[in-house]
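Counting in the working numbering, the sequence shown runs from 4 upward without gaps. All residues carry an ideal CB built from backbone N, CA and C; glycine is no exception. Working notes, structure below.
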Amino acid sequence: MIKAVFLDFDGTISDSKGIAFLSLVRTFEEFGYKFSERRLLGLLGIKMGRMLRKLGIGVGKVREIRDRFYRRFTGAAAAGEIKTCVSLKPLWKMKEDGISLIVVSNSRTSFLLASIKSLGIEGLFDRIYGAEKFVSKDRMLRRLFRRMKIKSSEAVYVGDRFSDVEFAKKAGCVSVAVHNKCSWSTLERIRKAGPDYVVRDFYGLRKVVSKINNSVV
């Protein structure tokens, strides 16, 4: 029986890849860095600190660059430059059915809250955890399972990147990958990670949850 659905945010709930990439490029330009589009797109979605280290940026600059990026990224979201990927009606229905909806994202909580307000979906999520709240998603998920007193088999993690599938598998919960025009990973790479289910939208997610719950005797 699925009792809780944990969700990634960027590329899963919101179509934010464009403003994330633009915010990143402009921030790097201000600091005199230039990286190829392919390299940056390949790193989008991981924690900002880890991304900067992978790009070879010194520890002394990480905090300043990260803060500058998030000011720009959060400002864009607050200004309405963000939209939902697909209909969120199925999520509201699942919430009505008593299923907890929790965001666990590699973006900062301040950005998530600004995005949620801009999208007009306050009240949809029971809890919101941004990147500053945890070391890795799988460890955070296991901690939340214990806190909520649920089994890993009673939880689903939903994301659009191959790494979201990997985190879900490490946490021992059901892995659902969302793939559509907003996704930050290719379908090929997502499938290679081995998710339990692949859906196009939250209607598909709701069907998966209903299928699992209806199979419980």
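By the criterion of at least three beta-carbon pairs nearer than 8 Å, the region 117 to 125 is not in contact with the region 30 to 42. Around the C-beta of LEU190, fewer than 16 other C-beta atoms lie within 10 Å, and the residue is accordingly described as exposed. The beta carbon of LYS57 sits closer than 7 Å to those of LEU46, all from its chain and outside the five residues before and after it, given in chain order. Classified as exposed, ALA82 has fewer than 16 neighbouring CB atoms from the shown chains inside 10 Å of its CB. In the structure shown, ARG130 falls within a strand segment according to DSSP collapsed to helix, strand and coil.
With 16 or more other Cβ atoms from the protein chains shown falling within 10 Å of its own Cβ, VAL211 counts as buried. For the set ARG42, ARG53, ARG69 and LYS64, the Cα lying nearest the Cα of SER26 is the one of ARG69. Between the region 87 to 94 and the region 110 to 118 there are fewer than three C-beta pairs closer than 8 Å, too few to call the two in contact. With a contact defined as Cβ atoms closer than 8 Å, VAL168 and ILE215 miss out at about 17 Å. Taken through DSSP and simplified to helix, strand or coil, SER26 comes out as helix. When the beta-carbon positions are compared, GLY14 and ARG164 come within less than 8 Å of each other. The C-beta distance from LEU116 to ILE102 rounds to 22 Å, too long to meet the 8 Å contact threshold. A direct Cα-to-Cα measurement between VAL202 and HIS182 gives close to 6 Å.
In the structure shown, GLY101 adopts coil according to DSSP, grouped into three states. Beta-bridge annotation (DSSP): ASP167 is not paired with any residue. Within 10 angstroms of the beta-carbon of ASP141 lie 16 or more other beta-carbons, which makes it buried. Restricting attention to SER166, MET51 and VAL179, the CA atom closest to the CA of ASP204 is found in VAL179.
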